[in-house]
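Colleague: Take a look at the following structure, please.
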Amino acid sequence: MASSHQAERNSVVTPGVEPTPVGQLPPVGQVPSHMHAQLVRQDRFGDPATAFVAEVVPTPDIRPDEVLIGVMAAGINYNNVWAARGYPVDQIATRQRRGETEDFHIGGSDASGIVYAVGGEVNGIEVGDHVVTHPGVWDADDAWIARGKDQMTAPTARIYGYDTNYGSFGQFTRVQAHQVLPKAAHLTWEEAAAPTLVGTTAYRMLHGWQGNVVSEGDVVLVWGGSGGLGSQAIQLARLAGAIPVAVVSEPERGAYAEKLGAAGWINRRDFNHWGVPPLVDDAAGQKAWTAEARTFGKRIWDIVGSRQDPAIVFEHPGAATIPTSIFVCETGGMVVICAGTTGYDAMVDLRYHWTRQKRLQGSHGTNDAEARAYNDLVLAGAIDPALGRTIRFEDIPGAHAAMGRGEEVFGNVSALVGAPHPGAGADL
Ligand code: NAP
């Protein structure tokens, strides 16, 4: 018997409907046979500026538990820098090993748009609904989930628009129905597309790990405080009554983090103890490293106004920063990490780790409950989507290249796909 996730996909194409130019979508419910999309192909892996090329491809079919969304705007995320490089994972080859036939990748893990078609098993979502997507994907019949376990730790859990094809960098995107969330009416299309991947990830990092859930009065150290994840983590920490302290690389980024709610910021360029510290038999080197790490920790105290260490360190740079994160984390606290942007070979001095009983917790993506809880905050206007800039569909390759070079300065970036111009989509 075919499992539900293996159920055949059915065409939702409306005969005779032609692809529209980017910046337009056909009348709601009418699905053209082909669409424009930014594609990555294996022979282009490398610099995102050239790995992505706009092409015309068949509009995807949907399974009975899936939804087809006409994309108005697409959020840019770091994961498609990795997908464009084909490193550390060749997503096209990985999917082909799972039996998928496409020899291209359409990324894009954040969409705002309009529902154009729903599968036969979908309830509660109608053609014409204005929606956003969350990035957690899993098989409906996953035995782990059937046992009541966390969806995002299931063997079939994946990230939409990174692990899966037909993300939001096409005029139409294919999602599982449970990924679909209501779009906040007060946000434009590009604002609505900006924060969900990073916001739901940050929500899980701060609220998902029992025993170390963010609490009132906690100090939370947020690396990359002006970036995509950081801009959301700061706001979520504030909403929980915690005291977020940002780490940034220049004053403008610090000011942005403060605007979002950071109590203050540390310029990481004032320090140079990054990466693997001197090893345990290098006493002099360790002493110098520890002095630098203590000075960093003291900056946190200066901002907080008391000798309070971070109960949570919000990590994603990885190799460069983990030793410091573990060092400054409060006894019994948690370093929660969702990436290793600066490298994967991170070092932990286990003496401090065990005697001070700290937790180094991996975190990835979101489950449905976390995504809904985060989106409820967006719907209530409690979260600023932190849209740093809006780009055209044609600029998707260049925006990923800039992000890969660390040049994105403020918050999130959104690309207009079906939206005709910036500023559309909000009910003011
Ligand atoms: P982003 O918007 O580019 O922000 C990254 C931030 O990292 C920058 O603001 C930068 O701030 C900081 N940074 C860069 N180099 C650094 C260094 N050497 N030391 C300390 N900080 C440094 O990216 P993002 O959207 O926040 O994503 C960050 C990472 O998380 C990416 O690798 C992404 O793929 C990953 N991610 C994972 C998940 C998941 O579910 N696992 C979800 C979302 C994102 P300063 O230069 O100002 O310090």
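The numbering of the sequence shown is this note's numbering, which starts it at 1369 and goes up by one.
Cβ coordinates follow ideal geometry from the N, Cα and C atoms, glycine included.
This structure is a prediction, so every number in the text was calculated from the model and none was measured.
Tell whether a beta-carbon distance below 7 Å holds between Tyr1571 and Leu1604.
Modeller: Reading the sequence shown from its first residue, position 203 is the one you call residue 1571. Reading the sequence shown from its first residue, position 236 is the one you call residue 1604. In this structure, Leu1604 lies closer than 7 Å to Tyr1571 by Cβ.
Colleague: Assign Glu1683 to one of two classes, buried (16 or more other C-beta atoms within 10 Å of its C-beta) or exposed (fewer than that).
Modeller: Along the sequence shown, read from residue 1 onward, the residue named residue 1683 stands at position 315. Buried: at least 16 other Cβ atoms inside 10 Å.
Colleague: By alpha-carbon positions, which one of His1473, Gly1774, Thr1469, Ile1751 ends up nearest to Asn1448?
Modeller: Numbered from 1 along the sequence shown, position 80 holds the residue referred to as residue 1448. Among His1473, Gly1774, Thr1469, Ile1751, the Cα nearest to that of Asn1448 is on His1473.
Colleague: Among the residues of its own chain, which have a CB less than 8 Å from the CB of Thr1734, if the five just before and after it don't count?
Modeller: Here residue 1734 refers to the residue found at position 366 when the sequence shown is read from its first residue. Around Thr1734: His1502, Pro1503, Gly1504, Met1520, Thr1568, Thr1569, Tyr1571, Arg1572, Tyr1742.
Colleague: Run through the DSSP bridge pairs and tell me what Ile1437 is partnered with.
Modeller: Start at 1 with the first residue of the sequence shown, and residue 1437 comes out as number 69. Per DSSP, Val1483, Thr1541.
Colleague: Should Leu1393 be listed as close to the ligand NAP, given that the test is whether its C-beta is under 6 Å from any heavy atom?
Modeller: Along the sequence shown, one-based indexing puts residue 1393 at 25. Checking every heavy atom of the ligand NAP against the Cβ of Leu1393, none is found closer than 6 Å.
Colleague: Find the nearest neighbour of Gly1779 within the set Asn1378, Glu1558, Lys1726, judged by alpha-carbon distance.
Modeller: Here residue 1779 refers to the residue found at position 411 when the sequence shown is read from its first residue. For Gly1779, the closest of Asn1378, Glu1558, Lys1726 by C-alpha to C-alpha distance is Glu1558.
Colleague: Does the region 1485-1497 come within contact of the region 1439-1459, defined as at least 3 CB pairs closer than 8 Å?
Modeller: At 8 Å Cβ cutoff, the stretches do not touch.
Colleague: Note down the Cα distance separating Arg1515 from Ala1522, rounded to an integer number of angstroms.
Modeller: Walking along the sequence shown from the start, residue 1515 turns up at place 147. Walking along the sequence shown from the start, residue 1522 turns up at place 154. Whole-angstrom Cα-Cα distance: 10 Å.
Colleague: Have a look at Val1390 and Ala1625 and give me their C-alpha separation to the nearest angstrom.
Modeller: Along the sequence shown, one-based indexing puts residue 1390 at 22. Along the sequence shown, one-based indexing puts residue 1625 at 257. Their backbone Cα atoms lie some 34 Å apart in a straight line.
Colleague: Per DSSP, Pro1591 forms a beta bridge with which residues?
Modeller: Taking the first residue of the sequence shown as position 1, residue 1591 is located at position 223. This sequence places Trp at residue 1591; Pro is not what is there. Trp1591 pairs with Val1615.
Colleague: Is any heavy atom in the ligand NAP found nearer than 6 Å to the beta carbon of Glu1776?
Modeller: Taking the sequence shown and counting its residues from 1, the one referred to as residue 1776 is at position 408. For the ligand NAP, at least one heavy atom lies less than 6 Å from the Cβ of Glu1776.
Colleague: With 16 other CB atoms within 10 Å as the buried threshold, where does Val1396 fall?
Modeller: Numbered from 1 along the sequence shown, position 28 holds the residue referred to as residue 1396. With fewer than 16 Cβ atoms within 10 Å of its Cβ, Val1396 is classed as exposed.
Colleague: Going by beta carbon distance, what residues of the same chain come within less than 7 Å of Val1483, once the five residues before and after it are set aside?
Modeller: On the sequence shown, position 115 is the one that residue 1483 refers to. Same-chain partners within the cutoff: Val1435, Ile1437, Ile1493, Glu1494, Val1495, Gly1496, Asp1497, Val1499.
Colleague: Just how far apart, CA to CA, sit Trp1506 and Pro1691?
Modeller: Residue numbering aside, residue 1506 sits at position 138 when the sequence shown is read from its first letter. Residue numbering aside, residue 1691 sits at position 323 when the sequence shown is read from its first letter. If you take the alpha carbons of Trp1506 and Pro1691, they lie about 33 Å apart.
Colleague: Should Pro1685 be counted as a contact of the ligand NAP given a C-beta to heavy atom distance under 6 Å?
Modeller: Along the sequence shown, one-based indexing puts residue 1685 at 317. Yes, the beta carbon of Pro1685 sits closer than 6 Å to at least one heavy atom of the ligand NAP.
Colleague: To the nearest angstrom, how far is it from the Cα of Ala1511 to the Cα of Pro1765?
Modeller: For the purposes of this step, residue 1511 is identified with residue 143 of the sequence shown, where counting begins at 1. For the purposes of this step, residue 1765 is identified with residue 397 of the sequence shown, where counting begins at 1. Spanning the two alpha carbons is a distance of roughly 38 Å.
Colleague: Can you look up Val1781 in the DSSP assignment and give me helix, strand or coil?
Modeller: Taking the first residue of the sequence shown as 1, we reach residue 1781 at position 413. Three-state result, Val1781: strand.
Colleague: Go ahead and label Val1421 buried or exposed: buried means 16 or more other beta carbons lie within 10 angstroms of its beta carbon, across all protein chains shown.
Modeller: Sequence index remark: in the sequence shown, residue 1421 carries index 53 (1-based). Under this definition Val1421 is an exposed residue.
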